[in-house]
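So the sequences go chain by chain: S and L.
For what it's worth, my numbering labels the leading residue of the first sequence as 506, then goes sequentially.
For what it's worth, my numbering labels the leading residue of the second sequence as 14, then goes sequentially.
All residues carry an ideal CB built from backbone N, CA and C; glycine is no exception.
As the structure is a prediction and not an experimental result, all values here were calculated from the model.
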Amino acid sequence: MFKDLDPILHSQLRLAIMSLLIGVQEAEFTFLKEKTGATAGNLSVQVQKLKEAGYIEVVKQFKDNYPQTLCKITAKGIDAFAQYVEDLKGYLGRA
Amino acid sequence: MYDQPISEQQSLQLITEMIQKAKKDVHERGTSSILWGSVIGFCGLVAFAERQWNFYIGFDVWLLALVAIVPQIFISVKEARQRNVVTHMQAAMNNVWLVFGLSIFALMFYFNAVPGITERMLLQEGRQVVEREPITGIEVPFRYFIASSSSLLLLLYAIPTLVTGLTFRFKPMIVGAVLCYCFFAASLFTNSKTDLLFSGLAAICNWLIPGLILRSRYTKEKAALDV
Chain S
506 MFKDLDPILH SQLRLAIMSL LIGVQEAEFT FLKEKTGATA GNLSVQVQKL KEAGYIEVVK
566 QFKDNYPQTL CKITAKGIDA FAQYVEDLKG YLGRA
Chain L
14 MYDQPISEQQ SLQLITEMIQ KAKKDVHERG TSSILWGSVI GFCGLVAFAE RQWNFYIGFD
74 VWLLALVAIV PQIFISVKEA RQRNVVTHMQ AAMNNVWLVF GLSIFALMFY FNAVPGITER
134 MLLQEGRQVV EREPITGIEV PFRYFIASSS SLLLLLYAIP TLVTGLTFRF KPMIVGAVLC
194 YCFFAASLFT NSKTDLLFSG LAAICNWLIP GLILRSRYTK EKAALDV
């Protein structure tokens, strides 16, 4: 019996965001936008969903008089990502 | 691109691709390394030259190391502004160099405080160490000092450099740090004048050369991206 993949993470853009954040301490919204190639609007919606799930922390502040959005993966996010990879391995092993 | 449902295989590919992208974004410019390698290298070599050829440049050359803190602050602030991502390794290395800076200041305090404190403590116990001139037999109070203080500095220089070199698998820094340990070992057997020469050379090997290599790599990478 295989566990269902976490629906929050099993989405291209949200998974891309989490994969970028898992390897860094924190990243700006501009970094995520540049690396994923997503539009600001779409990215913003997906970041909000991850934040609501408690998988990432979002800090909004000002840097040189410009708004800056910093994203950081949470402990809950790390656990969820690890579980997702484990579940993925199960599916891939079955294939 | 992001509206399509994804298969398990595609998920795995996406994870791998994004992790690689995050890794590739780390670009070290080597500015701080060049700054400190130049300053400490210059100070060490000038201090050695002053003792070797009996001249004085008019001020304590090591004051330049204090002055160099000002451009370092500017560099750190500028780099922090330009950076839009902080990796775990970068954060850890920043802490290692911060602790190194604090330790250098602590060691300077130790060098300046311990001789006087030792003398006072002995006097409180009613004891005084004197040194006797071998030819005239005249005895004068012994002036305390930290023996081979440069050796301790050399040892300290090597630590963060080796940690950084091993963490980032950056050979020039590993080689620089190993040379620094060699200078440390040699300085145990040499006089303080030669130790100054070792300090200058260690800074050049430890920081200036690796910093220049990092800068050259960064310039090449930037040029390749701009094409």
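Three-state secondary structure assigned by DSSP to residue i
| i | result |
| --- | --- |
| L510(S) | coil |
| L575(S) | strand |
| T100(L) | strand |
| A585(S) | helix |
| V59(L) | helix |
| A532(S) | strand |
| E591(S) | helix |
| V563(S) | strand |
| V253(L) | With chain L covering 14 to 240 only, the question about residue 253(L) has no answer from this structure. |
| E41(L) | coil |
| E152(L) | strand |
| E146(L) | coil |
| I226(L) | helix |
Chain L contact residues for residue i, given Cβ-Cβ distances below 8 Å
| i | result |
| --- | --- |
| L555(S) | Within 8 Å Cβ-Cβ: nothing; L555(S) doesn't reach chain L, min ~14 Å. |
| E533(S) | N97 and V98 |
| K540(S) | M31, K34, A35 and D38 |
Amino acids of chain S, ordered along the chain, whose beta-carbon sits closer than 8 Å to that of residue i
| i | result |
| --- | --- |
| G104(L) | Strictly speaking, residue 104(L) in this sequence is Ala, with Gly absent from that position. Within 8 Å Cβ-Cβ: Q530. |
| K36(L) | G528 |
| I53(L) | Under the 8 Å cutoff, chain S gives no residues; its nearest Cβ is about 29 Å from I53(L). |
Inter-residue Cα distance where the pair is residue i and residue j
| i | j | result |
| --- | --- | --- |
| V80(L) | V52(L) | 10 Å |
| A62(L) | A78(L) | 17 Å |
| L76(L) | I578(S) | 43 Å |
| A545(S) | P572(S) | 14 Å |
| Q588(S) | V74(L) | 58 Å |
| I19(L) | S516(S) | 7 Å |
| S45(L) | I88(L) | 7 Å |
| C576(S) | L548(S) | 12 Å |
| K540(S) | M31(L) | 8 Å |
| F113(L) | L166(L) | 11 Å |
| L209(L) | E234(L) | 37 Å |
| L48(L) | G139(L) | 48 Å |
| L135(L) | Q95(L) | 55 Å |
| W66(L) | F124(L) | 26 Å |
| A242(L) | E531(S) | Here chain L has residues from 14 to 240 only, and residue 242(L) is not among them. |
| H101(L) | K206(L) | 41 Å |
| G57(L) | F211(L) | 8 Å |
| I187(L) | A215(L) | 12 Å |
| V142(L) | V153(L) | 9 Å |
| L593(S) | I513(S) | 14 Å |
| M506(S) | Q23(L) | In this predicted model, M506(S) has a pLDDT of only 47, less than 50, meaning its place in the structure is not dependable enough to derive any value. |
| V59(L) | I217(L) | 13 Å |
| T29(L) | E591(S) | 14 Å |
| L27(L) | N570(S) | 35 Å |
| P185(L) | V191(L) | 10 Å |
| S116(L) | P128(L) | 19 Å |
Residue j beta carbon less than 7 Å from that of residue i
| i | j | result |
| --- | --- | --- |
| G54(L) | G178(L) | no |
| A585(S) | D511(S) | yes |
| V109(L) | F536(S) | no |
| Y560(S) | G582(S) | yes |
| N219(L) | T174(L) | yes |
| K568(S) | T574(S) | no |
| F158(L) | E144(L) | no |
| L227(L) | G43(L) | yes |
| L201(L) | S164(L) | yes |
| Y596(S) | E92(L) | no |
| L518(S) | Q551(S) | yes |
Proximal chain S residues relative to residue i, where beta-carbon distance stays under 9 Å
| i | result |
| --- | --- |
| R94(L) | K568 and D569 |
| I19(L) | H515, S516, Q517 and L520 |
| L25(L) | V590, L593, K594 and L597 |
| I88(L) | Simply none; closest approach about 16 Å. |
Chain-ordered chain L contacts of residue i [CB-CB under 9 Å]
| i | result |
| --- | --- |
| S549(S) | In chain order: nothing, as chain L lies at least about 13 Å away. |
Contact set between residue i and chain S, taken where Cβ atoms lie within less than 7 Å
| i | result |
| --- | --- |
| I172(L) | Chain S residues near I172(L): none, gap ~23 Å exceeds 7 Å. |
Segment contact flag, the stretch 215–223 of chain L with the stretch 22–41 of chain L, C-beta cutoff 8 Å, min 3 pairs: no
Stretch pair the stretch 520–537 of chain S + the stretch 545–557 of chain S: three plus CB contacts closer than 8 Å: yes
Meets three-Cβ-pair contact criterion under 8 Å: the stretch 197–206 of chain L and the stretch 159–170 of chain L: yes
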